[in-house]
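Be aware that the sequence shown starts at 0, since it is given in numbering that gives the first Met the number 0, and climbs by one per residue.
Below: one structure, written as structure tokens.
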Amino acid sequence: MIKSLFGLPTKVQHCKKCLLTNQKPFSINETKNFKGSKKSGLEFKDGLCSACHYSNAKDNSVINWEKREILLRKLLDQHRKTDGNYDCIVSTSGGKDSSTIAHILKYKYQMNPLTVTYSPILYTDIGFKNLRAMINIGGFDNLLFTPNGKLTSILAREAFVNLLHPMQPFKFGIKSIAAKTALRYGIKLVMFGEPYYEYGSAKLSLDIENSKPSYDIDWYVNDSDDIYFGGTHYKDILKKYQWIKSNDLYPFMPLTSKDIENSRSQSLQVEYLGWYLKWDPQEIYYYASKNNGYFPDTQRTDGTYGRYAAIDDKMEWLHYYTHYIKFGIGRTRFDASQEIRSGHITRDEGIALCKKFEGEYPKRYMKDCFSFMNLSETEAHKIIDKFRSPHLWKKVGKRWERLQELKEIIE
Ligand SMILES: [Zn+2]
């Protein structure tokens, strides 16, 4: 019987509507310690994945968007400040989604948001230009926090070598910075964008009309000592790298209950604007370019057909590529699936795009990423190849061949 790595299902199931498969990991498991087996993040019912079920519910008016907007106005009325203090935090790299959230809150609902940026690991020129555009054209106050680069390099390397997930420590940091900054400034509202079930990280049993997304508790508050960076327990990191002190790790750590008790903002609320307002990624792009001066990249993103999503960190190019190696789901497939769900392209067009671009080697920034982690290209590729699951890849001569061909989707 064919075996799989990381407990992935050995039989690949494709969604009938979009192009995602049951190999997509549950995002929380993907990004925290996953020494144990991993569950698929996508559940299927009637051949459709949970992201498509959610998308259908949005379009078929299961959700009363007018009622949701009234709830949003109520929530914002409770928090709005006009005395010069900030009333909410929006965590943003200057990307299209987060800059749009900040703009809507400030200019449509007259809030006074503080935008907070947890610096990408390796800012691209276009990414930094978009951050400046958000500040200068959109018009926002912004705090740019850049964690210790020497430490980030080590954590990224650990996560790459052990999990083939170099962005894992960054994901820890970015998830918690909004709440940490809110506590520090006595701000009681944090606003994120799209609910995570937009991308399928939800249970099919979810009562879409009535349930609300909750901020992932493991990121937000974690009182246990069970915290791993790149598959290595943080205490082992401290032992392995003597110069690193536990204080250094704080920007990557989740909050503890004590942090919250000690703060003035015990009633901190973490909300998702995409729960209150209908979220269309394409419209958000148009909104961001019109209002925040958001620029698409000057060239097509390696591994996909677009040039305007997740372009602020060079590591994103490597991150999506590792996703393709580990789970057989490349950057094209994520982009195309989202556009199929929102009705901008057909499934056949999505398949054609996958055939053309999926799995393309992201040569533009690979060397920068490897050298940041102190790895030679040869070393890095040896590591990458260790994560090719035998149910997805076969070595033919010197080449790796993908076993799950696209023709299986078409049938
Ligand atoms: Zn689907």
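For every residue, glycine included, the Cβ atom is placed at its ideal position computed from N, Cα and C.
Bear in mind the structure is a predicted one, so any value in this text is a computation, not a measurement.
If you ignore the 5 residues before and after residue 126, its C-beta comes within less than 7 Å of the C-beta of 92, 93, 119, 310, 311, 312, all in its own chain and listed in chain order. The DSSP-derived three-state label of residue 14 is coil.
Annotation: the continuous beta strand (DSSP E) that includes residue 90 extends over 87-90. Within the same chain, 388 come within 6 Å of residue 4 by CB-CB distance, once the 5 residues on both sides are set aside. In this model, residue 238 and residue 272 are separated by some 41 Å (Cα to Cα).
Counting along the chain, the unbroken beta strand (DSSP E) around residue 268 starts and ends at 268-271. Exclusion of the five residues before and after residue 109 leaves 79 as the residues of its chain whose Cβ lies within less than 7 Å of its Cβ.
For the 8 Å CB-CB criterion, residue 82 and residue 147 do not form a contact. The C-alpha of residue 292 lies about 43 Å from the C-alpha of residue 398.
In terms of Cα proximity to residue 390, the closest of 402, 380, 384 is 402. Residue pairing of residue 381 in beta bridges, as defined by DSSP: absent, with no partner found. Assigned with DSSP and collapsed to three states, residue 182 falls in helix.
Each residue's CA atom was taken as its position, placing residue 56 and residue 62 some 7 Å apart. DSSP, reduced to helix, strand and coil, places residue 19 outside both helices and strands of the structure shown, so it counts as coil.
Uninterrupted alpha helix (DSSP H) stretches at least 4 residues long and entirely within the segment 117-200 occur at 124-132, 148-162, 167-184, given in chain order.
The chain-ordered list of residues whose CB is nearer than 6 Å to some heavy atom of ligand 1 reads 14, 16, 17, 19, 47, 48, 50, 51. Inter-residue distance for residue 117 and residue 380 is about 29 Å (C-alpha atoms, whole angstroms).
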